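Engineer:
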Amino acid sequence: MTQQFEIKIPSFNRGFHLITRYVEQGLGNLPEAGLLNLFIRHTSAGLAISENADPSVRADLEIIFNKLAPENHHDYTHTMEGPDDMPAHIKSILTGSSISIPIKDKKLDLGIWQGIYLCEFRNHGGQRKIIATIIS
(Lines of atoms letter the chains of each structure in order from A and count residues from 1; the text may use other names and numbers.)
(Lines give C-alpha, C1' and ligand atoms only; values in the text may rest on other atoms or scores of the structure.)
Protein backbone atom coordinates (compact mmCIF):
# COMPACT_ATOMS: atom_id res chain seq x y z
CA MET A 1 0.00 0.00 0.00
CA THR A 2 1.18 3.51 -0.81
CA GLN A 3 0.11 6.72 0.91
CA GLN A 4 1.11 10.25 0.02
CA PHE A 5 0.89 13.53 1.95
CA GLU A 6 2.05 17.10 1.54
CA ILE A 7 3.73 18.51 4.63
CA LYS A 8 4.08 22.27 4.91
CA ILE A 9 7.15 23.45 6.78
CA PRO A 10 7.05 27.01 8.14
CA SER A 11 9.47 29.63 6.93
CA PHE A 12 13.00 29.49 8.36
CA ASN A 13 15.97 31.77 7.81
CA ARG A 14 19.02 30.34 6.09
CA GLY A 15 20.56 27.44 7.98
CA PHE A 16 20.09 23.83 8.98
CA HIS A 17 16.86 23.25 10.90
CA LEU A 18 15.57 20.14 12.66
CA ILE A 19 12.11 19.37 11.27
CA THR A 20 11.58 15.84 12.58
CA ARG A 21 8.58 16.89 14.69
CA TYR A 22 6.93 18.68 11.73
CA VAL A 23 7.32 15.56 9.62
CA GLU A 24 6.00 13.23 12.33
CA GLN A 25 2.99 15.50 12.93
CA GLY A 26 2.27 15.63 9.20
CA LEU A 27 2.33 11.86 8.81
CA GLY A 28 -0.15 10.77 11.46
CA ASN A 29 -0.34 7.02 12.11
CA LEU A 30 2.41 4.97 10.50
CA PRO A 31 2.20 1.34 9.36
CA GLU A 32 3.91 -1.44 11.31
CA ALA A 33 6.75 -1.54 8.77
CA GLY A 34 7.61 0.27 5.59
CA LEU A 35 9.61 3.04 4.03
CA LEU A 36 9.12 6.80 4.13
CA ASN A 37 10.43 8.93 1.29
CA LEU A 38 10.53 12.70 1.74
CA PHE A 39 10.94 14.95 -1.31
CA ILE A 40 11.27 18.72 -1.07
CA ARG A 41 9.67 20.60 -3.95
CA HIS A 42 12.19 23.43 -4.14
CA THR A 43 15.53 24.08 -5.88
CA SER A 44 17.08 26.26 -3.19
CA ALA A 45 16.60 24.01 -0.15
CA GLY A 46 17.45 20.40 0.63
CA LEU A 47 16.82 17.57 3.05
CA ALA A 48 19.32 15.62 5.13
CA ILE A 49 19.63 13.37 8.15
CA SER A 50 22.25 14.31 10.71
CA GLU A 51 23.04 15.00 14.38
CA ASN A 52 19.99 16.06 16.36
CA ALA A 53 21.49 16.80 19.79
CA ASP A 54 24.29 19.35 19.54
CA PRO A 55 23.32 22.63 17.80
CA SER A 56 26.96 23.38 17.03
CA VAL A 57 26.76 20.74 14.28
CA ARG A 58 24.20 22.87 12.45
CA ALA A 59 26.34 25.99 12.89
CA ASP A 60 29.43 24.17 11.57
CA LEU A 61 27.50 22.86 8.56
CA GLU A 62 26.40 26.40 7.74
CA ILE A 63 30.02 27.61 7.88
CA ILE A 64 31.31 24.83 5.62
CA PHE A 65 28.48 25.09 3.07
CA ASN A 66 29.01 28.87 2.81
CA LYS A 67 32.69 28.23 2.06
CA LEU A 68 31.80 25.64 -0.59
CA ALA A 69 29.33 27.93 -2.37
CA PRO A 70 29.89 31.55 -1.34
CA GLU A 71 27.64 34.46 -2.26
CA ASN A 72 28.74 36.97 -4.90
CA HIS A 73 31.25 34.62 -6.54
CA HIS A 74 32.65 36.28 -9.67
CA ASP A 75 32.00 33.18 -11.84
CA TYR A 76 28.22 33.12 -11.27
CA THR A 77 26.07 34.14 -14.22
CA HIS A 78 22.69 33.34 -12.58
CA THR A 79 22.41 36.48 -10.43
CA MET A 80 18.98 38.01 -11.15
CA GLU A 81 17.31 36.50 -8.05
CA GLY A 82 19.83 37.85 -5.54
CA PRO A 83 23.26 36.95 -4.22
CA ASP A 84 21.96 33.99 -2.16
CA ASP A 85 20.13 32.28 -5.05
CA MET A 86 22.90 30.63 -7.08
CA PRO A 87 24.73 29.42 -3.95
CA ALA A 88 21.37 27.99 -2.79
CA HIS A 89 21.05 25.95 -6.00
CA ILE A 90 24.58 24.59 -5.61
CA LYS A 91 24.02 23.67 -1.97
CA SER A 92 20.69 21.97 -2.71
CA ILE A 93 22.41 19.76 -5.28
CA LEU A 94 24.99 18.80 -2.65
CA THR A 95 22.39 17.84 -0.03
CA GLY A 96 19.80 16.44 -2.40
CA SER A 97 16.05 16.82 -2.60
CA SER A 98 14.96 13.53 -1.01
CA ILE A 99 15.70 11.16 1.83
CA SER A 100 14.36 7.74 2.79
CA ILE A 101 13.74 6.51 6.33
CA PRO A 102 12.69 3.00 7.34
CA ILE A 103 9.52 2.56 9.38
CA LYS A 104 9.64 -0.06 12.16
CA ASP A 105 7.08 -0.74 14.90
CA LYS A 106 4.95 2.17 13.63
CA LYS A 107 7.78 4.68 14.14
CA LEU A 108 10.47 6.30 12.04
CA ASP A 109 13.52 4.11 12.58
CA LEU A 110 16.06 6.90 12.97
CA GLY A 111 19.23 6.39 14.97
CA ILE A 112 19.36 7.78 18.49
CA TRP A 113 21.25 10.92 17.43
CA GLN A 114 19.60 11.37 14.03
CA GLY A 115 17.11 14.04 13.04
CA ILE A 116 15.57 15.22 9.79
CA TYR A 117 16.97 18.54 8.58
CA LEU A 118 15.51 21.20 6.38
CA CYS A 119 18.58 22.71 4.77
CA GLU A 120 17.40 26.22 3.97
CA PHE A 121 19.82 27.90 1.62
CA ARG A 122 17.99 31.17 0.90
CA ASN A 123 18.20 34.03 3.37
CA HIS A 124 14.39 34.07 3.51
CA GLY A 125 13.12 30.97 1.71
CA GLY A 126 9.50 31.09 2.77
CA GLN A 127 7.25 28.13 3.50
CA ARG A 128 8.57 24.86 2.10
CA LYS A 129 6.51 21.91 0.88
CA ILE A 130 7.59 18.32 1.29
CA ILE A 131 5.91 15.35 -0.36
CA ALA A 132 5.88 12.36 1.97
CA THR A 133 5.35 8.93 0.42
CA ILE A 134 4.86 5.89 2.65
CA ILE A 135 5.26 2.43 1.17
CA SER A 136 4.11 -0.43 3.40
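Residue numbers (the working numbering): 28 to 163. Where is the CB? At the ideal position from N, CA and C, for every residue including glycine. Everything numeric in this text was worked out from a predicted model, so none of it was measured.
1) Please confirm whether lysine 133 has its beta-carbon closer than 8 Å to some beta-carbon of chain B.
2) Here's the rule: buried if 16 or more other CB atoms are within 10 angstroms of the residue's CB, otherwise exposed. What is arginine 48?
3) Going by the DSSP bridge assignment, what does leucine 74 pair with across the sheet?
4) Can you name the residues that DSSP bridges to glutamate 33?
5) Any contact between the stretch 71-83 and the stretch 117-135? By contact I mean 3 or more CB pairs, one from each, below 8 Å.
6) Are the Cβ atoms of proline 129 and proline 114 separated by less than 8 Å?
7) Can you tell me which of Ala80, Asn40, Gly152 and Leu63 puts its alpha carbon nearest to the alpha carbon of threonine 29?
8) What is the rounded straight-line gap between the Cα of leucine 45 and the Cα of isoleucine 117?
9) Which residues in the same chain as histidine 131 place their Cβ atom closer than 7 Å to its Cβ, once the five residues preceding and following it in sequence are excluded?
Structural biologist: The relevant details are as follows:
1) Absent from the structure: chain B. Only one protein chain is present.
2) Taking the sequence shown and counting its residues from 1, the one referred to as residue 48 is at position 21. By the neighbour-count criterion, in which 16 or more other beta carbons inside 10 Å mark a residue as buried, arginine 48 falls on the exposed side.
3) Position 47 of the sequence shown, counted from the first residue, corresponds to residue 74. According to DSSP, residue pairing for leucine 74 in a beta bridge involves Leu145.
4) As a working note, residue 33 is residue 6 in the sequence shown. BP columns for glutamate 33 point to Ile158.
5) Under the Cβ criterion (8 Å, minimum of three pairs), the stretch 71-83 counts as touching the stretch 117-135.
6) Your numbering for residue 129 matches position 102 in the sequence shown. Your numbering for residue 114 matches position 87 in the sequence shown. It is not a contact, given that the beta carbons lie outside the stated cut-off.
7) Locating residue 29 in the sequence shown gives position 2, where the first residue counts as 1. For threonine 29, the nearest C-alpha among the options comes from Leu63.
8) Position 18 of the sequence shown, counting from 1, holds the residue named residue 45. Position 90 of the sequence shown, counting from 1, holds the residue named residue 117. Approximately 21 Å, taken between the alpha carbons.
9) Counting from 1 along the sequence shown, the entry for residue 131 is found at position 104. The sequence as given places lysine at residue 131; histidine does not occur at that position. Closer than 7 Å at the Cβ level, and outside the excluded window around lysine 131, lie Ala60.
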